[in-house]
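Respectively, the protein sequence lines represent chains C and H. So the first sequence is residues 159 to 269, counted in the working numbering. So the second sequence is residues 483 to 596, counted in the working numbering. Ideal Cβ placement from N, Cα and C applies to all residues, glycine included. What follows is a single structure, written as structure tokens, with notes after it.
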Amino acid sequence: GENVEQHPSTLSVQEGDSAVIKCTYSDSASNYFPWYKQELGKRPQLIIDIRSNVGEKKDQRIAVTLNKTAKHFSLHITETQPEDSAVYFCAADGGYNKLIFGAGTRLAVHP
Amino acid sequence: DSGVTQTPKHLITATGQRVTLRCSPRSGDLSVYWYQQSLDQGLQFLIQYYNGEERAKGNILERFSAQQFPDLHSELNLSSLELGDSALYFCASSATSGSPGELFFGEGSRLTVL
Numbered sequence: 159g160e161n162v163e164q165h166p167s168t169l170s171v172q173e174g175d176s177a178v179i180k181c182t183y184s185d186s187a188s189n190y191f192p193w194y195k196q197e198l199g200k201r202p203q204l205i206i207d208i209r210s211n212v213g214e215k216k217d218q219r220i221a222v223t224l225n226k227t228a229k230h231f232s233l234h235i236t237e238t239q240p241e242d243s244a245v246y247f248c249a250a251d252g253g254y255n256k257l258i259f260g261a262g263t264r265l266a267v268h269p
Numbered sequence: 483d484s485g486v487t488q489t490p491k492h493l494i495t496a497t498g499q500r501v502t503l504r505c506s507p508r509s510g511d512l513s514v515y516w517y518q519q520s521l522d523q524g525l526q527f528l529i530q531y532y533n534g535e536e537r538a539k540g541n542i543l544e545r546f547s548a549q550q551f552p553d554l555h556s557e558l559n560l561s562s563l564e565l566g567d568s569a570l571y572f573c574a575s576s577a578t579s580g581s582p583g584e585l586f587f588g589e590g591s592r593l594t595v596l
């Protein structure tokens with residue numbers, strides 16, 4: 159089945175810096191790669207997703223890139239703000255629309 | 483508000499006991515997913531139902547079982563509870579039956595086993 163690895167597990171940046179989180183997946187049949195943000199004590203919420211027919215997608219300060227050949231995808235957050243502090247999860251579809259999640263990255267943005 | 487309702491929000495019980503967690507999906511969503519999140523851990527996929535039928539199974543223990551009822555709500559039953567079962571259990575729902583799409587998560591049920 160699908161396996162997703164995520165790095166780094168923790169990331170600390172200064173406000174205004176960029177943050178990059180990387181994920182790799184194992185199943186070449188996967189074609190949907192979402193990113194979820196989970197604030198402390200809250201539910202995970204989708205922030206951006208990308209499908210395998212697209213190499214890059216942007217939404218304001220966040221962007222996701224996908225390299226199907228290498229089976230990896232990345233989340234880029236520019237001009238980070240304190241409210242970006244949260245745990246970020248990447249995921250890949252593991253068949254039947256279920257999502258297999260990475261272990262998460264705890265991002266801390268310091269003012 | 484995601485539209486997914488989970489009850490109870492918090493549950494404290496003892497080892498060896500059995501509990502039932504309940505989930506009501508968003509109106510119109512046919513798929514329900516259960517995930518387990520242990521302290522400072524990721525989201526582990528447990529099981530998925532689609533329109534009343536089991537669709538996919540993940541790392542779900544034999545002590546755990548689930549079902550989806552005709553009104554599409556779902557229940558996750560956890561029995562012979564152990565300390566290690568303490569976790570946040572999320573239910574999610576989605577509308578898509580073909581290509582994968584967004585999962586809408588409930589607020590979770592926090593289970594503490596003492």
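Supposed close pair residue i, residue j - CB separation, criterion 8 Å
i                 : j                 : result
Asn559 of chain H : Arg500 of chain H : 7 Å
Phe247 of chain C : Gly524 of chain H : 7 Å
Buried or exposed by the 16-neighbour rule on C-beta atoms within 10 Å, applied to residue i
i                 : result
Gly159 of chain C : exposed
Ser591 of chain H : buried
Asp553 of chain H : exposed
Leu528 of chain H : buried
Val267 of chain C : buried
Phe551 of chain H : exposed
Arg201 of chain C : buried
Gln239 of chain C : exposed
Lys256 of chain C : buried
Glu582 of chain H : Contrary to the premise, residue 582 of chain H reads as Pro rather than Glu in this sequence. Answer is buried; the Cβ neighbour count reaches 16.
Ile208 of chain C : buried
Proximal residues to residue i (C-beta, below 6 Å), its chain only, five neighbours per side dropped
i                 : result
His555 of chain H : Ser506
Arg504 of chain H : Thr489, Glu557
Asn541 of chain H : Gln526
Check: residue i C-beta below 8 Å from any heavy atom of the ligand NAD
i                 : result
Val486 of chain H : In terms of ligand content, the structure shown is empty, and the ligand NAD therefore cannot be addressed.
Contact set for residue i: own chain, Cβ-Cβ below 7 Å, skip 5 residues either direction
i                 : result
Ile205 of chain C : Trp193, Tyr194, Lys195, Ile220
Gly174 of chain C : Glu237, Thr238
Span of the beta strand (DSSP E) around residue i
i                 : result
Ala569 of chain H : 569 to 576
Leu493 of chain H : 492 to 495
Val171 of chain C : 168 to 172
Gln218 of chain C : No beta strand (DSSP E) holds Gln218 of chain C; DSSP gives it neither H nor E.
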